[in-house]
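In our numbering, the protein residues as written are 508 to 761. The C-beta atom is built at its ideal place from N, Cα and C for all residues, glycine as well. Single-structure report; data block below.
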Ligand code: NDP
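Put into structure tokens, the structure is as follows:
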């Protein structure tokens with residue numbers, strides 16, 4: 508019987524994957540057979556992360572571009588498709604967080620969050636989808652958040668973008684499904700990474716999190732691999748437009 512979760516022969520581009528959740532997902536997909544393209548804004552950081560995967564016996568290449576820059580994105584995707592090979596799987600993972608009370612939120616920081624978390628998903632997906640359409644196959648996975656559904660003080664623009672990721676996922680699904688492209692989203696709960704370092708180190712926040720989350724703990728980035736492999740593999744060929752919460756039950760609880 509074929510292994511539904513086998514990614515051998517598939518190539519995956521993961522944005523913002525030189526560190527954090529993206530890096531863990533890159534290794535996770537590699538473990539299931541995928542060839543990996545690590546993306547970062549800095550070519551050296553992308554190369555370094557790719558080299559670490561290669562040293563472990565996986566196939567990986569580093570490729571630098573900024574997800575907010577349309578010309579860079581278009582050029583990079585064209586070069587990857589031509590020189591490395593077809594992108595079968597795209598994970599839109601690059602994201603940033605900025606925290607201020609709503610009433611004091613600086614306009615520039617609002618713009619920065621929208622550019623990376625929302626426009627970046629649009630720009631990279633649009634370019635990759637053009638090639639996927641020609642092949643009548645593809646998997647796109649957008650990284651959402653609890654804030655795709657829930658508000659929280661001081662992070663209104665982040666929540667606005669992650670809500671948008673949910674609807675970008677549905678909108679892209681509706682247009683791309685006829686080309687045999689599945690577009691889904693993973694919405695992580697609270698995971699211990701650089702992005703959440705200040706919260707991890709804040710005892711009051713962690714104790715609130717333990718009370719608020721049925722699993723009563725922080726998530727480990729490795730716990731997102733199963734969802735990513737599922738949505739990247741043929742196991743999910745009839746799953747489309749879905750947002751899969753990996754949140755220790757947080758969304759289920761009041
Ligand atoms: P990190 O801050 O650890 O990593 C973010 C990554 O995005 C970095 O590799 C960063 O690269 C990259 N990045 C930022 N801006 C750009 C850009 N313009 N172009 C290309 N890459 C860029 O965050 P996490 O790993 O925690 O988060 C990854 C994703 O998961 C994000 O979308 C985040 O919103 C989401 N998420 C995280 C949660 C958590 O609890 N950690 C919870 C829910 C969702 P560089 O090194 O150059 O800065």
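Environment of residue i [buried if 16+ CB atoms lie within 10 Å]
i           : result
residue 744 : exposed
residue 714 : exposed
residue 661 : exposed
residue 652 : buried
residue 549 : exposed
residue 649 : buried
residue 643 : exposed
Any non-hydrogen atom of the ligand NDP closer than 8 Å to residue i Cβ
i           : result
residue 522 : yes
residue 699 : yes
residue 678 : no
residue 650 : yes
residue 600 : yes
residue 603 : yes
residue 552 : yes
residue 468 : Only positions 508 to 761 of the chain appear in the structure, and residue 468 is not among them; the question remains open.
residue 526 : yes
residue 612 : no
residue 724 : no
residue 757 : no
residue 674 : no
residue 639 : no
Between the CA atoms of residue j and residue i - distance to the nearest angstrom
i           : j           : result
residue 575 : residue 677 : 21 Å
residue 624 : residue 603 : 7 Å
residue 716 : residue 573 : 33 Å
residue 599 : residue 718 : 31 Å
residue 722 : residue 728 : 15 Å
residue 659 : residue 666 : 8 Å
residue 563 : residue 538 : 10 Å
Check whether residue i and residue j have beta carbons under 9 Å apart
i           : j           : result
residue 601 : residue 546 : yes
residue 543 : residue 571 : no
residue 569 : residue 558 : yes
residue 748 : residue 686 : no
Segment contact flag, the region 719-735 with the region 521-538, C-beta cutoff 8 Å, min 3 pairs: yes
Inter-stretch contact at 8 Å, needing at least 3 Cβ pairs: the region 543-555 / the region 605-617: no
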